[in-house]
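Report on the following structure.
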Amino acid sequence: MAANKTQATTASVTDFIETVEHEQKKKDAYVLLELMTSITNEKGVLWGTNLIGFGNYHYKYESGREGDFFKVGFSPRKTAISIYIIPGFERYDELMQQLGKFKTGASCLYVNKLSDIDLTILKQLIEQSFAYMTAKHKS
0 MAANKTQATT
10 ASVTDFIETV
20 EHEQKKKDAY
30 VLLELMTSIT
40 NEKGVLWGTN
50 LIGFGNYHYK
60 YESGREGDFF
70 KVGFSPRKTA
80 ISIYIIPGFE
90 RYDELMQQLG
100 KFKTGASCLY
110 VNKLSDIDLT
120 ILKQLIEQSF
130 AYMTAKHKS
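The sequence shown begins at 0 in numbering that gives the first Met the number 0 and counts up by one.
Dropping the structure here:
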């Protein structure tokens, strides 16, 4: 089976952030970079062309598909900032109720700007998600 198409690169995270056209998204990206670095004690790594990930783990599905991915991360996209909470959101229901204005996908938290959400709650969400992923995928 094919591995994950999105792979870690050696490209500069800050060079990528500097290409973000929208000034507020660029500022928010630097806030997230600092926040996730301090929470994870990991250096941000550019995955593919536009995902910034922290920590990594190896996964293998019953189908045989396997690969590597980051434990938490984000991407300052044009429409919204995508924050990747890999375990999903069901286990974090109480925090999600306090977070603020956002949308979710399976493992993505979409926010227009960080001022729309409570950063203290976001920090707890990232801390708990990273701890969960670290415990689940011990190497």
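For glycine and all other residues, C-beta sits at the position ideal for the given N, C-alpha and C.
Separation of Lys24 from Lys77, as counted between CA atoms: Here residue 77 refers to the residue found at position 78 when the sequence shown is read from its first residue. Here residue 24 refers to the residue found at position 25 when the sequence shown is read from its first residue. Straight-line Cα distance between these residues: approximately 8 angstroms.
Residues bridged to Tyr109 (per DSSP): On the sequence shown, position 110 is the one that residue 109 refers to. Partner(s): Ser81, Lys102.
Boundaries of the beta strand (DSSP E) in which Ser37 is found, first to last residue: In the sequence shown, residue 37 corresponds to position 38, counting from 1. Looking at the DSSP string, Ser37 is not in any beta strand (DSSP E); the run it does join, the alpha helix (DSSP H), is 22 to 39.
Closest by C-alpha distance to Asp117, when choosing among Thr9, Val110, Gly99: Taking the sequence shown and counting its residues from 1, the one referred to as residue 117 is at position 118. Closest by alpha carbon: Gly99.
Whole-angstrom distance between Gln96 and Glu89, CA atom to CA atom: Taking the first residue of the sequence shown as position 1, residue 89 is located at position 90. Taking the first residue of the sequence shown as position 1, residue 96 is located at position 97. Each residue's Cα considered, the two are about 11 angstroms apart.
N- and C-terminal bounds of the alpha helix (DSSP H) containing Ser128: As a first step, residue 128 is located in the sequence shown; it is residue number 129 there, counting from the start. 118 to 135 is the extent of the alpha helix (DSSP H) around Ser128.
Residue range of the unbroken beta strand (DSSP E) whose run includes Phe68: Your numbering for residue 68 matches position 69 in the sequence shown. First-last of the beta strand (DSSP E) with Phe68: 65 to 68.
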